[in-house]
Every structure is written in C-alpha cells, then in structure tokens.
Amino acid sequence: MKKAHRTLRRGPDILLREVADVLTAGAWYEFKALFLVVFANLRARDAANGGEEMLRLRAYEKLQNLVQQGAVEKSGKQYRAKLPALKALLETMTEQETVRQNMRAANNAPVVPVAAAC
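Residue numbers (this note's numbering): 1 to 118.
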C-alpha cells in the first residue's frame, strides 16, 4: 500500500514562546494560573488553535520540557523561570527561526538563467 507524501512545515513554536514570555515576569505560577494567562494571551492574538483541552496538554508538555532543560524551576506545584537559562533558550529559538526563514527564502528564490558564454 502506498503512503501519501507529505511535507511537514513547522513554524515558530508560538505556545512555547508564550509560556516563556509569561514566566519571564519572575513570579511563581501554579500551572492552572499560568495556563489561564497563556490561553488569554493566545486568544487575544487569535492563535489558540486545537481546542482548550489540547492546548492545555501541549502547554503542560512544554512546561515540563522547560523544567527538564533547566530553564524553569519547580517547587511543589509552582513554577518559576530561571531567567538567564530561559533567555538563552529564547535567543536560540529566535536564531533557529531566522535560519529557517532564510533557508525558506533561499529555496523560493527565482531561478535566474545563466547567460551563455561569448
């Protein structure tokens, strides 16, 4: 049986960036309060796709990944950003997005025919 060819286009991780932006305030957040702020911000930007429950699961997964990477500290059920590590992670994400955009622009550049040698 043949499988359909599919191209995966991944854009910037809006949810991860939003979680990181909220955490950079420096306050301790329980997940529920953190998610309410993140969800409100995404809805205001019309970027909350996939339903609230799926978004909650994805946000929790992103938060746990940040904890494992050392960019967020966890104390009981509360989370707070480790600002230097989180800012470094955000800078890396921004650099990777820039590289991806440059590669995409280079791949979509018009092909210029080479002039025949005289």
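All residues carry an ideal CB built from backbone N, CA and C; glycine is no exception.
- According to the DSSP secondary-structure assignment, residue 73 is paired through a beta bridge with 80.
- DSSP places residue 43 inside the alpha helix (DSSP H), whose first and last residues are 31-44.
- For residue 21, the enclosing alpha helix (DSSP H) stretches over residues 14-23.
- From the listed residues 26, 102, 20, the smallest Cα separation to residue 35 is found for 20.
- Taking C-beta atoms as the reference points, residue 72 and residue 80 count as a pair closer than 8 Å.
- Contact fails between the segment 96-105 and the segment 26-43, because fewer than three Cβ pairs, one in each stretch, are under 8 Å apart.
- Counting the other Cβ atoms within 10 Å of the Cβ of residue 32 gives fewer than 16, which makes it exposed.
- The shortest CA-to-CA distance from residue 52 to any of 25, 15, 93, 102 is the one to 15.
- Residue 49 sits in coil when the DSSP states are folded into three classes, being neither helix nor strand.
- Within the same chain, Cβ atoms closer than 6 Å to the Cβ of residue 90 are found at 20, the five residues on either side in sequence being excluded.
- In this model, residue 58 and residue 49 are separated by some 11 Å (Cα to Cα).
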